[in-house]
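There are 2 protein chains.
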Amino acid sequence: MAQKVTPMTQDFSKWYNDVVKMAELAEHAPVKGCMVIRPYGYALWENMRDKLDSMIKATGHVNAYFPMLIPESFLQKEAEHVEGFAPELAIVTHGGGKKLEENLVLRPTSETIIYHMFAKWVMSYRDLPILMNQWANVFRWEMRPRLFLRTLEFLWQEGHTAHRNEEEAEAETQTALEMYREFAEDTLAIPVITGEKTETERFAGAVRTYCIEAMMRDGKALQAGTSHMLGQNFAKAFDLQFQDQDGENKYAYNTSWGVSTRLVGAVIMVHGDDDGLILPPKIAPHQIVIVPIYRSDEERALVMEVADKVRAALPDVRIHLDDRDQYKPGWKFAEWEQKGVPLRMEIGPKDVAKGQVVLTQRHDREKEFLPIDDAIAQIPTKLDDLQKALLERARAFRDERTHKIDSYDEFKKRVGDGGFYLAHWDGTKETEAKVKADTKATIRCIPFDTDGEEGVCMVSGKPSKQRVVFARAY
Amino acid sequence: MAQKVTPMTQDFSKWYNDVVKMAELAEHAPVKGCMVIRPYGYALWENMRDKLDSMIKATGHVNAYFPMLIPESFLQKEAEHVEGFAPELAIVTHGGGKKLEENLVLRPTSETIIYHMFAKWVMSYRDLPILMNQWANVFRWEMRPRLFLRTLEFLWQEGHTAHRNEEEAEAETQTALEMYREFAEDTLAIPVITGEKTETERFAGAVRTYCIEAMMRDGKALQAGTSHMLGQNFAKAFDLQFQDQDGENKYAYNTSWGVSTRLVGAVIMVHGDDDGLILPPKIAPHQIVIVPIYRSDEERALVMEVADKVRAALPDVRIHLDDRDQYKPGWKFAEWEQKGVPLRMEIGPKDVAKGQVVLTQRHDREKEFLPIDDAIAQIPTKLDDLQKALLERARAFRDERTHKIDSYDEFKKRVGDGGFYLAHWDGTKETEAKVKADTKATIRCIPFDTDGEEGVCMVSGKPSKQRVVFARAY
């Protein structure tokens, strides 16, 4: 912990790697592109997963588990799907000491295997909708891995549903997207823009892809979650039919939606600062760290008594008492700052004498001396306030860096500084490709929230119905 | 649900497959040996996992996640380990469209990758012990798959620890084993025998393997969990050294321990009967199913009012209200019996008139008419009692089928009937192999709980320190 992280203004990418390493969130594994999620990083992911899992269940979905190994031929049944995923596949060719008759792929996503099974289970309209979810590891061969952001193996949840008609499927994609927005904002304190992806950025096999997009502290965008209306594409490929109320056999409509361990990367890059990680209280493995200060056994006993009292009084708060003797308080302060613990409580012999404790907020260093009982009484509210403060700070940061822009020359000059650029676009792939080639920026989404202002494309001058969000992205 | 399961006395194996299928726990996947865990089966697993996870954490362990892909060369570093697992490996030879320079194996277990990482993290004795756990999918190529019992991919937890010396490592294996015993008995209502495995049955790479063994309703044994003292075998293979307090560099001692989705199979085969599954309340996805009985909308309203009252009064009980209109009550009764719901509550218009409900226990069909408020008041206790009753019933079943035996001729005649046979054994591999060849029975464990009675081996007549448990096993 003696080591400091590289300042983010100096080198954002190095800052990110330093934070991941020094906060002991994750490490590179022996197989290039794979990661080891260390206990502190995994506890963070568990808190995120548990909250999202309860939201998934509360919206009527049930969990299941489908196998990781998928016959190669399954991927080929949906033409766009295989085209999108084939270059990223990991392939098992041998098992049990023998060459396999058919190669197996490690799931890059599970549409194929899941809709194959749905087809066995669905007979009649009464069997619909099917609203399922699974938590699983998935595999996409990554050439430029970044811990949490792009890894060969990652953990995620994938929702998969089947419906009688397009309206129900469309409503489901919106339910999932709204759940993700709420989760990002209320739980991760990450403000997001909701909208639709352009055709270029659509999921391989989807009719429409919706997304939540967030802004990182370097002004770049990160796609934080997607929800896909798959139409009947997979139902036709896997013969997922049902007898409708009118007696006719029809293909079902599917949706799929997912978020992954990538969100850990988002949390790091939305809230962190030059001293390391900053965690929203709702997902922090430790919401409070108590650092006792003492020079003698006698002082230790006095201080620990207060620490124990605080812990006993707040059983629902995740409090970590750092009672390691081999480290000095200042060293501990620095470690827990790097690890982003929202609130630090110092208790020293002088504090005990005065009946007080010292509270320091991680995100703004605000320090307070409070009578012990007041501190205990105020902590639950304080944690709520900290959660809100992080969201508001991130929202202000993003809004300051979100610009309406009408001149492509100006866009080209400014987009490299980071930020979201709201610009008119003519709706063509060609313009989108030109902007990407010129500037590395992509259309993050066609936002739902629009002022209705029509205009002309900043590149081609052709008519445009609404502004879209351009940015460089992860 | 019109279909009935094959009676277990007629064909136990068919009964098992029928229960798994009809209770909608799992199905075979397109890739032979893989399974799809359906929502009802997965909810059961989730309840098991959540309870065990809290026990793992309460004993000081932290969760982490290690990659599924392991370089083939890692397996080869521990000679016995690779010998044990090589025949069962699934191998990735291609990724991202290219042939790999080194083949990767899908983890059959994670000792190699985990101790490789531990070696990076451990410098000094102060870094020990490391007490970690992961929940993951693992892969062992199975030639004779059975759903839950032996599948190519299964879900499990694997604890991995590192210690300064053998005593601490030994104590850790016992902590894990005792945790498994408590979990099996208190949560799954499965009585188990704890003991040590013989050398033949030891984990590949372990110094000692401990286990919990349970008896199924056909009298066969099932290994329900194992805990391994790995000594310094893996530490030496992966250079896991630490500087001890005395300044010397020493190899750490490791332990590993795991239980898997196999436990779902154990629950089915320990508690089930000819009508299907019977679930212990602590892990049942639905602890109570309410079946409303009505013929008119008016009756429906009256009955539902009571159902709502019961549910509102018992927020901590997992109650499922089966309000499907398309099925008759008798059909629903049969379905929930097959699915093993511990307690059924019927509410009909006559019951409402009398202010009562009808409660039926799944495991013994005991039926009771109770005033509504009494039912509400008694349900939590009733569920506790049902949990205990299942454990006691399983214990009585096992004890009746556990026999001391001294004559090998008699053993050979009886062992095919199922049951545990406590017999003296001379401690040699040769005798063990002969018994297996003659009878298909193996030594399930050298039990900790022994009366200290010495004797002579039932096969060789050589001296024996204690009786061991022989049985045919899954």
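Protein chains in written order, with my numbering: chain A, 715 to 1188; chain G, 715 to 1188.
Positions of the beta carbon are idealized from the N, C-alpha and C atoms, including for glycine.
Residues sharing a beta bridge with A/C1159, DSSP: Along the first sequence, one-based indexing puts residue 1159 of chain A at 445. Paired residue(s): A/V1183.
Quick check on G/H874: does DSSP put it in helix, strand or coil? Start at 1 with the first residue of the second sequence, and residue 874 of chain G comes out as number 160. Strand.
Of the residues G/Y1135, G/D1123, G/D1065, G/T1164, which one's Cα is nearest the Cα of G/V1173? As a position in the second sequence, residue 1173 of chain G is number 459, starting the count at 1. Of G/Y1135, G/D1123, G/D1065, G/T1164, the residue nearest in Cα terms is G/D1123.
For G/H877, which residues in chain A fall below 7 Å Cβ to Cβ? Position 163 of the second sequence, counted from the start, is the residue given in the question as residue 877 of chain G. Chain A residues near G/H877: none, gap ~17 Å exceeds 7 Å.
C-alpha gap between A/E802 and A/V819, whole angstroms: Counting from 1 along the first sequence, the entry for residue 802 of chain A is found at position 88. Counting from 1 along the first sequence, the entry for residue 819 of chain A is found at position 105. Rounded to the nearest angstrom, the two C-alpha atoms are 10 Å apart.
Can you tell me whether A/N761 is helix, strand or coil according to DSSP? Position 47 of the first sequence, counting from 1, holds the residue named residue 761 of chain A. Reduced to three states, the DSSP call for A/N761 is helix.
To be precise: take each residue of the stretch 779-809 of chain G, compare its Cβ to all Cβ atoms of chain A, and keep it if any distance is under 8 Å. Which residues remain? Y779, F780, P781, M782, L783, I784, P785, F788, A800, P801, E802, L803, A804, I805, V806, T807, H808, G809
I want to verify the contact list: residues of chain G whose CB lies under 7 Å from the CB of A/E760, in sequence order. Against the first sequence, residue 760 of chain A aligns to sequence position 46. In chain order: N777.
Is A/V1031 helix, strand or coil by DSSP? The residue you call residue 1031 of chain A lines up with position 317 of the first sequence. Reduced to three states, the DSSP call for A/V1031 is coil.
Any chance the stretch 900-912 of chain A sits against the stretch 854-864 of chain A, with 3 or more Cβ pairs inside 8 Å? no
The beta strand (DSSP E) enclosing A/Y965, as first and last residue numbers: Here residue 965 of chain A refers to the residue found at position 251 when the first sequence is read from its first residue. Unbroken beta strand (DSSP E) run through A/Y965: 963-965.
Which ranges would you report for the beta strand (DSSP E) in the stretch 954-1005 of chain G if only whole runs of at least 3 residues count? 955-957, 963-965, 967-974
Would you mind listing the alpha helix (DSSP H) stretches within the stretch 851-931 of chain A that are 4+ residues and don't spill past its ends, in chain order? 880-896
Taking A/P1043 as part of the alpha helix (DSSP H), name the residues at either end of that continuous run. In the first sequence, residue 1043 of chain A corresponds to position 329, counting from 1. Run containing A/P1043: 1043-1052, per the alpha helix (DSSP H) assignment.
With DSSP run on the structure shown, which of helix, strand or coil describes G/L1016? Counting from 1 along the second sequence, the entry for residue 1016 of chain G is found at position 302. Correct three-state label for G/L1016: helix.
Inter-residue spacing [alpha-carbon to alpha-carbon] between G/V1020 and G/D1098: As a working mapping, residue 1020 of chain G is identified with position 306 in the second sequence. As a working mapping, residue 1098 of chain G is identified with position 384 in the second sequence. Going from the Cα of G/V1020 to the Cα of G/D1098 covers about 23 Å.
Suppose the cutoff is 6 Å on Cβ atoms and the five residues either side in sequence are ignored; what does the same chain contact list for G/E867 look like? Taking the first residue of the second sequence as 1, we reach residue 867 of chain G at position 153. For G/E867, where only same-chain residues beyond five positions count, the Cβ hits under 6 Å are C748, N851, F853.
Taking C-alpha atoms, which residue in A/N879, A/F897, A/A804 lies nearest to A/M762? Sequence index remark: in the first sequence, residue 762 of chain A carries index 48 (1-based). The residue with the shortest Cα to Cα distance from A/M762 is A/F897.
Under a CB-based cut-off of 8 Å, is A/E867 close to chain G? In the first sequence, the residue the question calls residue 867 of chain A occupies position 153. So, interface residue.
Grouping DSSP H, G and I as helix and E and B as strand, with all else coil, what is A/P775? Your numbering for residue 775 of chain A matches position 61 in the first sequence. Here residue 775 of chain A turns out to be His, not Pro, going by the sequence shown. DSSP places A/H775 in coil when its eight states are reduced to three.
For A/Q687, return the contacting residues in chain G, with the cut-off set at a CB-CB distance below 8 Å. For residue 687 of chain A there is no data in the structure shown, the boundaries of chain A being 715 and 1188.
I want to know whether the stretch 823-830 of chain G touches the stretch 777-794 of chain G - three or more CB-CB distances under 8 Å. yes
Anything in chain G within Cβ reach of A/H1000, meaning under 8 Å, just list it in chain order. For the purposes of this step, residue 1000 of chain A is taken as the residue at position 286 of the first sequence. Per Cβ cutoff of 8 Å: no residues; A/H1000 is ~12 Å from chain G at best.
Quick check on DSSP: helix, strand or coil for A/M678? Lying before the first or after the last residue shown, residue 678 of chain A is absent from chain A, which here runs from 715 to 1188.
Here's a check: name, in chain order, each residue in its chain whose Cβ is nearer than 8 Å to the Cβ of G/N963, leaving out the five neighbours to either side. Here residue 963 of chain G refers to the residue found at position 249 of the second sequence. So the list reads Q955, F956, Q957, once near-sequence residues are dropped.
Answer with yes or no whether the minimum CB distance from G/V750 to chain A is below 8 Å. As a position in the second sequence, residue 750 of chain G is number 36, starting the count at 1. Judged by the 8 Å Cβ criterion, G/V750 is in contact with chain A.
For the beta strand (DSSP E) holding A/H742, just list the boundary residues, first then last. Locating residue 742 of chain A in the first sequence gives position 28, counting from the first residue. Residues 740-742.
Touch test, the stretch 926-934 of chain G against the stretch 902-916 of chain G, Cβ-Cβ under 8 Å, three pairs minimum: yes
Give the DSSP-derived three-state secondary structure of A/M831 in the structure shown. Your numbering for residue 831 of chain A matches position 117 in the first sequence. Helix at A/M831.
Alpha helix (DSSP H) segment containing G/V1066, residue limits: Here the question's residue 1066 of chain G lines up with position 352 in the second sequence. Start and end: 1063-1068.
For G/P1094, report the span of its alpha helix (DSSP H) as first-last. Against the second sequence, residue 1094 of chain G aligns to sequence position 380. Its alpha helix (DSSP H) spans residues 1086-1114.
Distance, Cα to Cα, A/A833 vs G/V745? Taking the first residue of the first sequence as 1, we reach residue 833 of chain A at position 119. Taking the first residue of the second sequence as 1, we reach residue 745 of chain G at position 31. So the two alpha carbons sit approximately 16 Å from each other.
I want to know whether the stretch 977-992 of chain G touches the stretch 1017-1036 of chain G - three or more CB-CB distances under 8 Å. no
Between the stretch 884-893 of chain G and the stretch 1123-1137 of chain G, are three or more C-beta pairs nearer than 8 Å? no
Beta-carbon spacing of G/A1004, G/M1059 below 8 Å: Numbered from 1 along the second sequence, position 290 holds the residue referred to as residue 1004 of chain G. Numbered from 1 along the second sequence, position 345 holds the residue referred to as residue 1059 of chain G. Checking the displayed sequence, the identity of residue 1004 of chain G turns out to be Ile instead of Ala. Their beta carbons are under 8 Å apart, which means G/I1004 touches G/M1059 by this criterion.
In chain order, what residues of the same chain lie with their CB nearer than 8 Å to the CB of A/K771, ignoring the 5 residues before and after it? Residue mapping note: residue 771 of chain A aligns to position 57 of the first sequence, counting from 1. Cβ neighbours of A/K771 beyond the five flanking positions: N777.
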